[in-house]
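Be aware that the first sequence starts at 1, since it is given in full-length UniProt numbering, and climbs by one per residue. A virtual CB, placed ideally from N, CA and C, is assigned to each residue, including glycine. Fair warning: this is a prediction, and the values are worked out from it, not measured in the lab. Since the structure comes first, as structure tokens, the remarks are kept for the end.
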Amino acid sequence: MPELPEVETVMRGLDAVLTGEVIRTAETRRDGLRWPFPNGMAAALQGARVEGFRRRGKYMLMRLADRPTLLIHLGMSGRMVARRLGAPPVPSLGRQGAASDARGHNNPPEAHEHVVLETEGGWRVGFVDPRRFGCMDFAPREAEDSHPLLAGMGPEPLEEAFDVAVLEAALAGRRTPIKAALLDQRIVAGLGNIYVCEALFRAEIAPTRLATTVPGPDAARLVPAIKAVLAEAIAAGGSSLRDYVRADGEVGFFQERFDVYDREGQPCRLCPGPDGCPGIARLVQSGRSTFYCPQTQR
DNA sequence: CTCGACTCCTGCTGGC
DNA sequence: TGCCAGCAGGAGTCGA
1 MPELPEVETV
11 MRGLDAVLTG
21 EVIRTAETRR
31 DGLRWPFPNG
41 MAAALQGARV
51 EGFRRRGKYM
61 LMRLADRPTL
71 LIHLGMSGRM
81 VARRLGAPPV
91 PSLGRQGAAS
101 DARGHNNPPE
111 AHEHVVLETE
121 GGWRVGFVDP
131 RRFGCMDFAP
141 REAEDSHPLL
151 AGMGPEPLEE
161 AFDVAVLEAA
171 LAGRRTPIKA
181 ALLDQRIVAG
191 LGNIYVCEAL
201 FRAEIAPTRL
211 ATTVPGPDAA
221 RLVPAIKAVL
231 AEAIAAGGSS
241 LRDYVRADGE
251 VGFFQERFDV
261 YDREGQPCRL
271 CPGPDGCPGI
281 ARLVQSGRST
291 FYCPQTQR
């Protein structure tokens, strides 16, 4: 699933395509994803002018003139597919059925495309989500952040307001492993399994450490580590694993730069010498894989 | 309060 | 070559 850098990348792609456009038609092809779509969602989108986008954690917020804001969460497998009407679909990563042939003809319909928007300006944007863990909902424009899905969310990690003192306060009294704490969107918004692993590696903190023990020098390293890994991933256009594609169809390349994620058994880049690293280890914490270097991360 | 287990779903990978 | 168990980027809910 897309984590903060991927959501940011998709949002920028949508912004480039949709901002300023008027939605001519909106179609929902099932009743909902994780939850039912709000009543009359398609009708409410039709005729709306897209004013712009913003991101909160892993949510994209599509602001509409004189209408409520549309919240979009990509869940685990969600992606957006954008193309000009009449043009072949943008090539899609790792998915045979979706790749367009050279002539742009006879493309089978994209599987699991649950919502389709078409604009006056001739864009077609589809929300594809095989696992259907994504969601959409409306939030009042003047109270977007009070929506139940956003209300309890922690600080945006890339904003200045997220600093060592804020993280330390959030971790205080948490008797849970730091890995689990960082996945908790109430502590800090937007981190997922990959970037938590990467940030803990950069900060040289063992994922099993209790959150309460992190305030101090460790937290002082962790905050810049989080900011750096997210910023670098955004600069690289987001990571691209199995079924993630940027809104404009380009793929991100940050996955080539993972230090620990999905690199079990390989030497880490911090241990000295060719034989100095015991190898990146994998363990399961609250049901999810954690990758870390047992020598570097303490 | 806080935490871990469970749950929703489909698709891909790896081992046999 | 084919089959199938296991695992996957999220996160709300429930029970302890």
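Query: Opposite residue 380 in the DSSP bridges: which residues?; Result: Nothing can be reported for residue 380, as the shown portion of the chain is limited to 1 through 298.
Query: To the nearest whole angstrom, what separates the beta carbons of TYR195 and LEU158, a pair I think is in contact under 8 Å?; Result: Their Cβ separation, rounded to whole angstroms, is 12 Å, which puts TYR195 and LEU158 out of contact at 8 Å.
Query: Pick out the complete alpha helix (DSSP H) segments inside the region 29-60, 4 residues or longer, and give them in chain order.; Result: 41-45
Query: Suppose you measure from the CA of GLN295 to the CA of CYS277; what does that come to, to the nearest Å?; Result: 7 Å
Query: Sorted by chain position, which residues of the same chain lie with C-beta nearer than 7 Å to MET153's C-beta, five sequence neighbours on each side aside?; Result: ARG56, GLY57, GLN185, ARG186 and ALA189
Query: To which residues of the same chain is ALA181 closer than 7 Å at the C-beta, ignoring the five residues directly before and after it?; Result: LEU171, ARG174, ILE187 and ALA211
Query: Within its chain, find whatever has a CB closer than 6 Å to the CB of PRO140; leave out the 5 residues flanking it on each side and keep chain order.; Result: PRO68
Query: Excluding sequence positions up to five away, which residues of its chain have a Cβ less than 6 Å from the Cβ of GLY78?; Result: ASP129 and GLY134
Query: Does the distance from the C-beta atom of GLY122 to that of ARG84 stay below 8 Å?; Result: yes
Query: Could you have a look at ASP275 and say whether DSSP puts it in helix, strand or coil?; Result: coil
Query: Compare the C-alpha of ILE205 against each of THR290, MET62, VAL10 and GLN266 and name the closest.; Result: THR290
Query: Cα-Cα, which of PRO272, PHE138, ALA143 and ALA65 is closest to PRO36?; Result: PHE138
Query: Measuring alpha carbon to alpha carbon, tell me which of PHE201, PRO148 and ARG29 ends up nearest ARG132.; Result: ARG29
Query: With a 10 Å radius around its C-beta and 16 neighbouring C-beta atoms as the bar for buried, classify TYR13 as buried or exposed.; Result: The amino acid at residue 13 is misidentified as Tyr; the sequence shows Gly. Under this definition GLY13 is a buried residue.
Query: Does the distance from the CB of PRO177 to the CB of THR213 come in under 8 Å?; Result: no
Query: By DSSP's criteria, GLY73 is part of a beta bridge. Which residues make up the other side?; Result: In the sequence as presented, Gly is not what sits at residue 73; that position holds His. HIS73 pairs with TYR59 and CYS135.
Query: Going by DSSP in three states, THR9 sits in which element: helix, strand or coil?; Result: helix
Query: Hey, LEU33 and LEU149: beta-carbon distance below 8 Å or not?; Result: no
Query: In angstroms with no decimal places, state the Cα-to-Cα distance between LEU93 and PHE127.; Result: Because the pLDDT at LEU93 is just 31, under 50, the model does not fix this residue reliably, and the point stays unresolved.
Query: State the Cα-Cα distance for the pair LEU167 and ALA228, rounded to the nearest angstrom.; Result: 16 Å
Query: Which residues does DSSP pair with VAL125 in a beta bridge?; Result: ALA82 and LEU117
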